[in-house]
Amino acid sequence: MGIEQRKALMAALTAEEDSKDPATVIGTVSRGSTLTDKVYDRLRLALLRGVWEPGQKITARSLSRDMEVSLTPVREAMMRLANEAALEVSGTRTFLVPLLSRSKYQEVVGIRMALEPLATEAAMPFITAKVLDHLEALNERMKALIEAEKFNEALQIDSEFHHTIYELADQDVLKNIIDALWLRVGPTRTLLSHTYRRRLVGYMNHKTIIAALRSGDVQASRAAVVHDISAGAQNLCLALKD
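In the working numbering, the protein residues as written are 4 to 245.
So, in structure tokens, the structure goes:
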């Protein structure tokens, strides 16, 4: 997925910020070629945004109705997400949003802490003043959403912040692996405590990342990304069971 395509999809998801109704957030899907891909992209970003809670059941039929498309592309998209471990098959047309165990979440986090600094370093030659301004704007937007207690929308901006950097690395294999890891833990991120959110830990960590990128310091940039991942993981692990 290219940068412009990703931005367009994110814009569609954030158009109705005051709603957590899946029908409102996901929206309808226009007809045309690769309909399954369009449905997949909408569902994928909805999972990243935390539209559904971990452990929640969702049906292909209800999504088909909400998105105003036939059942087949919805089921195909959901099966694709299940193959990526972003959903679990719970029945013929029913899927479950996974609730990761603490050990499984820590496993994913460990891989993220190895790969995301690598992607950040690869992106650094392409970090321009315009990119830094965009990252700062995203971070301020995330702060405003947190202060307005629109936590799920803030998660989506957090995702866009990080993926703006990783996209610049122009390493498709690495990016696809990172995307899959984020997708797997997306709903679990909704369990971050209110105290953690209101302390604006993520916002401050992002400021550190931006400062390191602006200085061109590779090691500081890598360390800032690791710290951001680690801080969120430590808080989330308190809410997860083995």
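Beta carbons are placed, not taken as given, at the ideal position from N, Cα and C, and that holds for glycine.
If you're wondering where the values come from, they're calculated on a predicted model, not measured in any experiment.
Check	Outcome
Span of the alpha helix (DSSP H), counted from its first residue to its last, around T123	105–126
Residue from N238, A223, L102, T95 with nearest C-alpha to G205	N238
Inter-stretch contact at 8 angstroms, needing at least 3 Cβ pairs: the segment 168–188 / the segment 118–132	yes
S73 versus K60 - alpha carbon distance	20 angstroms
First through last residue of the alpha helix (DSSP H) which encompasses L148	132–150
Extent of the continuous beta strand (DSSP E) to which L194 belongs	Note, L194: premise wrong, no beta strand (DSSP E); not H, not E.
Local conformation of T62 per DSSP, three classes	strand
Contact the segment 102–121 vs the segment 143–161: 3+ CB pairs below 8 angstroms	no
Close Cβ partners of G35 (< 8 angstroms) along its chain, the five nearest in sequence each way excluded	With a pLDDT of 47 at G35, under the threshold of 50, the modelled position of this residue cannot be trusted, and the question is left open.
Close Cβ partners of V112 (< 6 angstroms) along its chain, the five nearest in sequence each way excluded	A236
Selected residue, minimal CA-CA separation from E139, among M127, D161, F129, M70	D161
Local Cβ density within 10 Å of E163, reported as buried at 16 or more and exposed below that	buried
Alpha-carbon to alpha-carbon, G189 and A88	11 angstroms
Helix, strand or coil at E163 according to DSSP, with G and I counted as helix	helix
At least 3 beta-carbon pairs within less than 8 angstroms: the segment 40–54 vs the segment 178–196	yes
Candidates L241, I180, H166, of which the one nearest T198 by Cα	L241
A234 beta carbon less than 7 angstroms from that of A223	no
CB-CB length for R115 against L184, believed under 8 angstroms	5 angstroms
Span separating the alpha-carbon of A147 from that of A157	8 angstroms
I149 versus H209: straight-line alpha-carbon distance, rounded	14 angstroms
Alpha-carbon to alpha-carbon, L141 and M127	18 angstroms
Other residues of its chain near R225: CB distance less than 7 angstroms, five sequence neighbours each side excluded	P120, T123, E124
Buried or exposed (CB count within 10 angstroms, at least 16 for buried), F98	buried
Under the three-state DSSP convention, the category T95 falls into	coil
DSSP state of D245 mapped onto helix, strand, coil	coil
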